[in-house]
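J.:
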Amino acid sequence: MAEPESGIRRSRSNSFSHHESSGPTASSPTLSMNSSNPDLMSKKVFNEDPEKQRDLKTDDDDVEAAPKPLTDDTTAENPVIPFDSTTPTHDPNCVYWDGLQDKENARRMSFARKWFICIILTSTAGCLTALSSAWTSAVDPMVERFHSSAEVGDLGLTLFLFGLGIGPLIAAPLSEKFGRQPVYLISLFLFFVFQFPTAFAHNMASALVGRYLCALGGSAFMSNVPGTFSDLFEKHQLALPVTVFTFGPFLGPGIGPVISGPITQHVGYRWVFYVFLIWTFVLLVTIALTVPETYPPILLAKKAKRLRKETGNDAIYAPIEKSERSFWRSLRHSCSMPVILISHEPVLDILCFYTGFLLAIIYLFFVAFPYVFTKVYHFQVEFVGLSFTGIIVGMALAASTYPFWRHFYEKELAKNGGVANPEMRLPQMCFGAVIIPIGLFMFAWTAYAEVHWIVPMVASGIFAFGSYFTFNGIITYTVETYHRYAASATAANVFIRCAIAGSAPLFGVQMLEGMGIHWGISLLGFVAVLLCPSAFIFRIYGKTLRMKSKYAIKV
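Each residue of the sequence shown is one higher than the last, beginning at 1415 in the working numbering.
1. Does the beta-carbon of Thr1543 have 16 or more other beta-carbons within 10 angstroms, so that it is buried, or is it exposed?
2. Determine which residues share a DSSP beta bridge with Tyr1731 and list them.
3. Please report the straight-line C-alpha distance between Ser1563 and Ala1828, rounded to a whole angstrom.
4. Considering only residues of the same chain and omitting the five flanking positions on each side of Leu1535, which have a CB-CB separation below 6 Å?
5. Between Gln1651, Arg1527 and Thr1538, which has its C-alpha nearest Phe1606's C-alpha?
6. Give every residue of the same chain whose Cβ lies closer than 7 Å to the Cβ of Ala1966, excluding the five residues on either side of it in the sequence, and list them in chain order.
7. Could you tell me which whole alpha helix (DSSP H) segments of length 4 or greater appear in the stretch 1763 to 1818?
8. Identify which residue in Pro1663, Leu1569, His1747 and Gly1593 has its Cα closest to the Cα of Leu1713.
9. Contact defined as beta carbons within less than 8 Å: I believe Arg1953 pairs with Leu1840. What is the distance between those atoms, to the nearest angstrom?
10. So, for His1932: in the same chain, excluding its five sequence neighbours on each side, which residues have a beta-carbon less than 8 Å away from its beta-carbon?
11. Alpha carbon to alpha carbon, what distance is there between Gly1846 and Leu1938?
12. In whole angstroms, what separates the C-alpha of Leu1697 from that of Ala1878?
13. Hey, which unbroken runs of the alpha helix (DSSP H) at 4 residues or more fall wholly within the stretch 1624 to 1689?
14. Among the candidates Gln1595, Ala1619 and Gly1631, whose CA atom is the shortest distance from the CA of Thr1700?
15. So the candidates are Ala1729, Val1672 and Leu1800; which of them puts its Cα closest to the Cα of Pro1870?
16. Would you mind working out which of Val1672, Asn1907 and Phe1603 sits nearest Ile1692, comparing C-alpha positions?
17. Run the CB neighbour count on Thr1642, radius 10 Å, all protein chains shown included, and call it buried at 16 or more, exposed below.
18. Under 7 Å between the Cβ atoms of Ala1900 and Val1908?
19. Pick from Ser1674, Thr1612 and Tyr1510: whose alpha carbon is nearest that of Glu1796?
20. Can you give me the start and stop residues for the alpha helix (DSSP H) that Tyr1598 sits inside?
21. Using the beta-carbon count (16 or more within 10 Å), is Val1459 buried or exposed?
22. Please report the residue range of the alpha helix (DSSP H) in which Arg1521 lies.
23. Measuring CA to CA, which of Leu1920, Leu1745 and Met1523 is closest to Val1705?
24. For the alpha helix (DSSP H) that contains Trp1867, what are its first and last residues?
25. Put Val1943 into one of helix, strand or coil per three-state DSSP.
26. What is the rounded straight-line gap between the Cα of Ile1850 and the Cα of Ile1876?
27. According to DSSP, is Ile1756 part of a helix, a strand, or is it coil?
28. What's the gap between the Cα of Met1929 and the Cα of His1866?
29. For the stretch 1904 to 1921 against the stretch 1579 to 1588, are there 3 or more C-beta pairs whose distance is under 8 Å?
30. Which first and last residues belong to the alpha helix (DSSP H) in which Thr1725 is found?
31. How is Tyr1862 classed by DSSP in three states: helix, strand or coil?
32. Give the straight-line distance between the Cα atoms of Thr1904 and Phe1885, rounded to the nearest whole angstrom.
33. Note down, in chain order, each residue of its chain lying with its Cβ closer than 7 Å to the Cβ of Arg1684, except the 5 sequence neighbours on either side.
34. Between the alpha carbons of Pro1752 and Glu1759, how many angstroms are there, rounded?
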């Protein structure tokens, strides 16, 4: 995301997470106590982020107020006052971080190791989304082999996206209960195992079931990774790693056909899935060996266990060990709160539909590109995959503009006296909303045999360029607007956009055949034009709309 650190700042979940206490700012308790020093045991020191103490409480205990964060000159003799008396700040047996430099805190890892973890997790999310679109090059020979219909074949994309939308509702509370590492390992193992039914399928039904289950199993990497970044980095450092992560899953759908096209053409469709099995296995081994637990409540529980063993004091405990929040309560909350927000927040509904519309077009292109570039330009299968290069380049160029948007945001912040508001995140959305219909109309009316094939490919890149900005603006604005309910708002967005995008491949070819390439894509352009003013309306009247909302921030 361009400029996402403040956008996820108040969230306790990531743009792709679904429970308030497992997201980007779901981190450690912030009270520091050296359990081996009796002086410090009676002088609690708040560490970096008081908001993180919400991880230790139930939703009913949540509070809005928070003290100023710890600065470098804060000491045990100059403590920050606790913001909530229900936090166990007066129990000397309760374990917290030993000051700013506690080596057991994941944020104390080396810079190189943090970025290695970021790259590995981002690559895994990219592998997941690349597999979603790799299906588009492999499906035609599968349909022919299994004597199926093209519509049934398109279900491979639809079911995969449905799995990605539903899975995070379960993955987030699992992460809260058991930590990041075991959820990642189990998720990636399931993703690996359920690729086998597709790779070795003897009928289309087996392949489709495998598609759904592997997406469902691997979906934790779409929801929990930004939370891991929050475990590793300070708030002011989050922007770049989260931007890199956003680029990975966005890039994956463009890479999938580039990989699967030549493989299907030269060695057969099964090798597409063999390659992804090998890729996934390498990632699984790498994560198992190199990615440690980073979720602060779990790390504190391990610290408490060590101290109990070293001191013989069985009364020592970590806050999560005394938490009354059950997994089932967390699961119920993560499933019900998004529905409540969708039912009561029309602004959120528009934002969710917008992102769903954009993702639907991207996945519609996976059906439309083979139709356009084979029927109009007579591409072979391997070169149809390369036609997605435009989308890849467009998104890469958009991601490279991060420094500009960062600077723009800082200027707006300075003009407002250093006080941030969600509407400061919307210039990207406004810019992208204007670019998107330009790319769609250009693609629609240049897809002629007498026009060079590079022109519609460039048009798809322009669309991707604008979509990246709009998507980033929407997600960041959503998280900041519904900061207390950011995880649930993000969950609603993920579920709706995957549901809409998953439906797109089912009618894509029929729409193009019935309306023609030019008017079919133009229809999408007209919808983009209708959605465009919403960005400017939220930019101008966002504060007024927030004041009327029950769940939005009121600053």
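Glycine included, each C-beta is placed from N, C-alpha and C at the ideal position. As the structure is a prediction and not an experimental result, all values here were calculated from the model.
T.: Concretely, from the data shown:
1. Counting Cβ neighbours within 10 Å, Thr1543 comes out buried, since at least 16 surround it.
2. Within the DSSP secondary-structure output, Tyr1731 pairs in a beta bridge with Cys1508.
3. Those two C-alpha atoms are separated by around 58 Å.
4. Val1639, listed in sequence order.
5. Thr1538
6. Thr1895, Tyr1896 and Arg1960
7. 1795 to 1800 and 1803 to 1813
8. Gly1593
9. 4 Å
10. Ala1858, Trp1859 and Ala1861
11. 15 Å
12. 28 Å
13. 1634 to 1637, 1639 to 1646 and 1653 to 1680
14. A check of alpha carbon separations from Thr1700 across Gln1595, Ala1619 and Gly1631 identifies Gln1595 as the nearest.
15. Leu1800
16. Phe1603
17. buried
18. no
19. Nearest neighbour of Glu1796 by Cα position, chosen from Ser1674, Thr1612 and Tyr1510, turns out to be Ser1674.
20. Arg1594 to Val1607 is the span of the alpha helix (DSSP H), which, as asked, contains Tyr1598.
21. Unreliable placement is indicated for Val1459, whose pLDDT of 34 sits below 50; the coordinate value is still reported in the next sentence. Buried.
22. Taken as a continuous stretch (DSSP letters only), Arg1521 belongs to no alpha helix (DSSP H), as it is neither H nor E.
23. Met1523
24. Taken as a continuous stretch (DSSP letters only), Trp1867 belongs to no alpha helix (DSSP H), as it is neither H nor E.
25. helix
26. 7 Å
27. Correct three-state label for Ile1756: helix.
28. Approximately 22 Å, taken between the alpha carbons.
29. yes
30. Pro1710 to Thr1725
31. Coil at Tyr1862, not helix or strand.
32. 12 Å
33. Ala1613
34. 10 Å
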